[in-house]
Amino acid sequence: MMTLEITDTDDFLHIQTICDFATLVGTYTRGLSIIIEPFDERMPHIPDPVLQLSCHDASLAIKPVFDRFQSVVITSGTLSLIDLYPRLLNFHPVVSRSFKISLTRDCICPWFSLMEVSTKFDMRSDPGVARNYGKLLVEMVSIVQDGIVCFFVSYSYMDEIIATWNDSGILKEIMQHKLVFIETQDVVETTLALDNYRKACDCGRGAIFFSVARFLLARLEYFRVTTYETHFR
């Protein structure tokens, strides 16, 4: 297409996608898998074939960056197990440092309660834990004026807890006090949800944002608005 100097590429988008797919398949001999799904497991009677190329080696994705730039700095406020990343990304760090992070916001902690609340792996699936977290959140949304950010340990756990709260009526109680916004794995949807969350806080309506720690909105700077907020984990 570049040789023919074709400017209107929209008509060739599908064939270009196939070519890109075939190029990736032919470029790498390891670290990739082709996944073929003939139908959706939720609706097995409806044919809906999907062909996916799954990358299992993170070093393949970062390699073009290391090849192009002489110096690369990897930093994050949530970068744990610092010795693990050089092995995963297949590089040898020249300098590796870990610093303690100081929390500038005022926090009320620890929270003493007679209710059992914990997201430890062996307790997070307990219906009582989900119920106690929900009741605690209902109490908080009834007294906090503006915004509340509730962090979950993963997307799957967030979906599970929200579904449990919806079935038990806790989510309905929360929505009686504040608007509810949820982070998704889609960047556009999450950006719109965050923008509407800020608007709800600014206009005095109040809102609660369900987010996932260590993912898109893990940094608290995303939630900086002119009103006070409560960050609840």
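Residue 116 in the UniProt record's numbering sits at position 116 of the sequence shown; the count goes up by one each step and never skips. Cβ atoms here follow ideal geometry from the backbone N, Cα and C, with glycine treated the same way.
Proximity to residue 159 across 187, 177, 124 peaks at 124, based on C-alpha coordinates. In the three-state DSSP reduction, residue 96 falls in the coil class, being neither helix nor strand. For residue 156, there is no enclosing beta strand (DSSP E); the residue is found in the alpha helix (DSSP H) stretching over 155 to 168.
In the structure shown, residue 204 falls within a coil segment according to DSSP collapsed to helix, strand and coil. Contact annotation: the region 5 to 12 does not touch the region 23 to 36, with fewer than three C-beta pairs closer than 8 Å.
Its chain contains 35 as the residues whose beta carbon lies nearer than 7 Å to that of residue 52, once the 5 sequence neighbours on both sides are disregarded; these appear in chain order. Bridge partners of residue 47 according to DSSP: 39. Secondary structure of residue 69 (DSSP, three-state): coil. Closest by C-alpha distance to residue 120, out of 66, 146, 38, 157, is 157. At a Cβ-Cβ threshold of 9 Å, residue 213 and residue 153 count as neighbours. Here residue 205 is exposed. Its C-beta has fewer than 16 other C-beta atoms within 10 Å.
Under the 10 Å beta carbon count, residue 150 is surrounded by 16 or more other beta carbons and is classified as buried. CA-CA distance, residue 211 to residue 191, rounds to 12 Å.
DSSP places residue 144 outside any beta strand (DSSP E), giving it a letter other than H or E.
Taken atom to atom, the span from the alpha-carbon of residue 22 to that of residue 2 is near 18 Å. Residue 52 is bridged by DSSP to 35.
When the five nearest sequence neighbours on each side are left out, the beta carbons in the same chain lying within less than 6 Å of the beta carbon of residue 48 are those of 39, 40, in order along the chain. For residue 6, no alpha helix (DSSP H) encloses it, and the DSSP letter there is neither H nor E. Taking each of 24, 66, 75 in turn and checking the Cα distance to residue 54, the smallest one comes out for 24. Between residue 134 and the set 95, 97, 175, 99, the nearest pair of CA atoms involves 175. Within the DSSP bridge table, the entry for residue 59 names no partner. Here residue 209 is buried: its Cβ has 16 or more other Cβ atoms, across all protein chains shown, within 10 Å. Leaving aside the five residues that flank residue 79 on each side, the residues in its chain whose CB is nearer than 8 Å to its CB run, in chain order, 85.
Where residue 24 is concerned, the enclosing alpha helix (DSSP H) starts and stops at 13 to 27.
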